[in-house]
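Asker: Chains as they are written, first to last, in this note's numbering: chain A, 1 to 111; chain B, 112 to 226.
Beta carbons are placed, not taken as given, at the ideal position from N, Cα and C, and that holds for glycine.
Before I ask anything, here is the structure I am working with.
And the structure:
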């Protein structure tokens with residue numbers, strides 16, 4: 001059974017800092033790895049989807065990488081802003097053919 | 112493009128009562144999902160529909176949970192009878208395609224409190 005872990009559970013940084021969020025997964029047969037953002041009281045918003053044949057995806061100030069051999073993915077946020085404050089979740093689609101989510105990293109960007 | 116609509120936004124019931132949630136996916140989206148998100152955890156898949164057929168309901172507690180998707184559009188999720196541990200946010204999501212690389216679009220969820 002796929003397990004997805006996100007550490008740390010919470011992170012606080014000053015505005016303007018570049019930061020990295022980490023995600024690890026156990027299923028070596030990963031089909032894709034997805035990153036989502038969740039604001040309080042809201043649903044999830046899809047940020048980036050990395051297919052197993054890809055190593056990274058970029059959207060604006062966000063860059064996500066996938067390393068299947070080590071079972072890791074990272075989400076890099078450049079020049080962080082207070083509006084980036086949210087919970088970031090990663091999810092892996094693997095052998096079970098369904099998304100398994102991590103518990104998320106709650107990010108606070110201080111003005 | 113209108114997003115995924117869910118109702119109600121909040122529901123408070125006593126244990127052993129029944130409750131139903133409604134979801135209207137984005138127009139034209141063939142695949143619909145129901146997820147359960149317990150506070151502090153990531154969402155867990157309950158059921159996946161493709162058009163009006165069930166693709167995966169392996170994690171749906173079928174002794175108390177049921178779901179249907181009539182005419183391949185709207186969907187309802189029902190809990191009967193509810194238990195305290197069912198307190199969670201129930202999220203509906205849809206995707207345009209049927210492939211696994213189609214991004215999910217989530218609704219804002221229904222927050223259920225069972226007392």
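For residue 141(B) and residue 14(A), what's the separation of their Cα atoms in angstroms?
Answerer: If you take the alpha carbons of residue 141(B) and residue 14(A), they lie about 42 Å apart.
Asker: CA-CA distance, residue 138(B) and residue 120(B)?
Answerer: Looking at the two C-alpha atoms, the distance is approximately 21 Å.
Asker: Determine the chain B residues that contact residue 93(A) at a beta-carbon separation under 7 Å, and present them in chain order.
Answerer: Neighbours of residue 93(A) on chain B, chain order: 211.
Asker: Between the stretch 140-157 of chain B and the stretch 165-183 of chain B, do at least 3 Cβ pairs fall closer than 8 Å?
Answerer: Contact between the stretch 140-157 of chain B and the stretch 165-183 of chain B is present, because at least three Cβ pairs lie under 8 Å.
Asker: Quick check on the DSSP output: the beta strand (DSSP E) that includes residue 181(B) runs from which residue to which?
Answerer: Segment: none, residue 181(B) is in no beta strand (DSSP E) and carries neither H nor E.
Asker: Does residue 63(A) get closer than 7 Å to chain B when you measure Cβ to Cβ?
Answerer: No - not a single Cβ of chain B is within 7 Å of the one on residue 63(A).
Asker: Does the distance from the CB of residue 189(B) to the CB of residue 131(B) come in under 7 Å?
Answerer: Yes; because the gap between Cβ atoms is below 7 Å, this pair is in contact.
Asker: To the nearest angstrom, report how far apart residue 185(B) and residue 65(A) are at their CA atoms.
Answerer: For residue 185(B) and residue 65(A), the distance between alpha carbons rounds to 36 Å.
Asker: If you draw a straight line from the alpha carbon of residue 199(B) to that of residue 100(A), how long is it in whole angstroms?
Answerer: Rounded to the nearest angstrom, the two C-alpha atoms are 17 Å apart.
Asker: In angstroms, rounded to a whole number, what distance separates the CA positions of residue 134(B) and residue 203(B)?
Answerer: Residue 134(B) and residue 203(B): Cα-Cα distance of roughly 6 Å.
Asker: Could you list which residues in chain A have their beta carbon closer than 7 Å to that of residue 214(B), in chain order?
Answerer: Within chain A, the residues near residue 214(B) are 46, 49.
Asker: Could you tell me which chain A residues have their CB closer than 7 Å to the CB of residue 152(B), listed as they occur along the chain?
Answerer: Here the neighbours are 103.
Asker: To which residues does DSSP link residue 216(B) through a beta bridge?
Answerer: Residue 216(B) pairs with 205(B).
Asker: Kindly say whether residue 162(B), judged by its beta-carbon, lies nearer than 7 Å to any beta-carbon of chain A.
Answerer: With 7 Å as the cut-off, residue 162(B) does not count as an interface residue toward chain A.
Asker: Suppose you measure from the CA of residue 210(B) to the CA of residue 79(A); what does that come to, to the nearest Å?
Answerer: Computed Cα separation, rounded: 34 Å.
Asker: Can you tell which of 93(A), 94(A), 67(A), 75(A) has the C-alpha that lies nearest to the C-alpha of residue 105(A)?
Answerer: Cα-wise, what sits closest to residue 105(A) is 75(A).
Asker: Helix, strand or coil: which one does DSSP assign to residue 150(B)?
Answerer: DSSP places residue 150(B) in coil when its eight states are reduced to three.
Asker: DSSP beta-bridge partners for residue 130(B)?
Answerer: Answer is 190(B), bridged to residue 130(B).
Asker: Quick test of your reading: residue 207(B) and residue 128(B), contact by CB under 8 Å. State the CB separation rounded to the nearest angstrom.
Answerer: No, residue 207(B) and residue 128(B) are not in contact; Cβ-Cβ is about 36 Å, not under 8 Å.
Asker: Name the chain B residues that come within less than 9 Å of residue 32(A), Cβ to Cβ?
Answerer: Near residue 32(A) (Cβ distances below 9 Å), the residues of chain B are 211, 212.
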